[in-house]
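Numbering (the working numbering), first residue to last: 504 to 704.
So the structure is just underneath, and the comments pick up after that.
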């Protein structure tokens, strides 16, 4: 296990993944770096299903071990929307500034735990021998009243963490990795991959 393709073109996400997976000594490359340009239709009904669909599709094209994630924001007062449609919410080309403001507007008049929300991330690893590994991580919080912070991306600037008294977008990347949904799912996957590495020895 020397190389894993991670099915993303998001450089912010890739940086986060490499930091967490570094100690395994496995090279993590993006689809672009691997020369793969494939659009995968994520038509699953859950974060886990979408991550598996993506990982398997790219594994079949590349013949390599492929990891993929699917993540999103669940807002309890909005019946867990945008959920698996987080990236597509209000359209792919709509800026997150507009998406974030829309969510803030939809929660007008709600306070504290009425604004409860969570980030969810599922990570899947698909192997050419048919093996599929899946992990999931969750970060609980609330939707804030404004955008704050220059760190992170997407919905980070409106995701308030009561425990830390700050927004996800205000946390340094190293701190965010320790508590984030993706960080949790990736660390669980790192342990599964470590066990596999040891079984190969």
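Ideal Cβ positions, reconstructed from N, Cα and C, are used throughout, including at glycine.
Note that the structure is a prediction, hence the values are computed from the model and not measured.
For the alpha helix (DSSP H) holding residue i, just list the boundary residues, first then last.
i, result
"residue 550", "550–565"
"residue 577", "Counting along the chain, residue 577 falls outside any alpha helix (DSSP H), though it belongs to the beta strand (DSSP E) covering 569–578."
Compute the Euclidean distance between the alpha carbons of residue i and residue j, then round it to the nearest angstrom.
i, j, result
"residue 534", "residue 592", "24 Å"
"residue 558", "residue 618", "33 Å"
"residue 687", "residue 676", "14 Å"
"residue 690", "residue 696", "10 Å"
"residue 514", "residue 530", "15 Å"
"residue 682", "residue 631", "31 Å"
"residue 700", "residue 601", "44 Å"
"residue 580", "residue 702", "45 Å"
"residue 622", "residue 598", "19 Å"
"residue 571", "residue 556", "9 Å"
"residue 532", "residue 611", "42 Å"
"residue 536", "residue 655", "23 Å"
For the beta strand (DSSP E) containing residue i, list its first residue and its last residue.
i, result
"residue 621", "619–629"
"residue 664", "662–664"
"residue 642", "635–646"
"residue 706", "Not covered by the structure: residue 706. The range shown for the chain is 504 to 704."
"residue 508", "506–509"
Residue i: buried (16+ other C-beta within 10 angstroms of its C-beta) or exposed?
i, result
"residue 638", "buried"
"residue 635", "exposed"
"residue 614", "exposed"
"residue 684", "buried"
"residue 658", "buried"
"residue 577", "buried"
"residue 526", "exposed"
"residue 633", "exposed"
Which residue's Cα is closest to the Cα of residue i: the options?
i, options, result
"residue 566", "504, 518, 576", "504"
"residue 680", "509, 522, 507", "522"
"residue 692", "678, 674, 569", "569"
Ignore the nearest five residues each way along the sequence and tell me which others in residue i's own chain have a CB closer than 6 Å to its CB.
i, result
"residue 560", "543"
"residue 541", "564"
Can you name, in chain order, every residue of its own chain whose Cβ lies under 7 Å from the Cβ of residue i, other than the five neighbours on each side?
i, result
"residue 586", "575, 577"
"residue 660", "603, 650, 651, 652, 670, 672"
Residue i CB to nearest chain D CB: under 8 Å?
i, result
"residue 633", "Reference to chain D is not applicable here, since this structure consists of a single protein chain."
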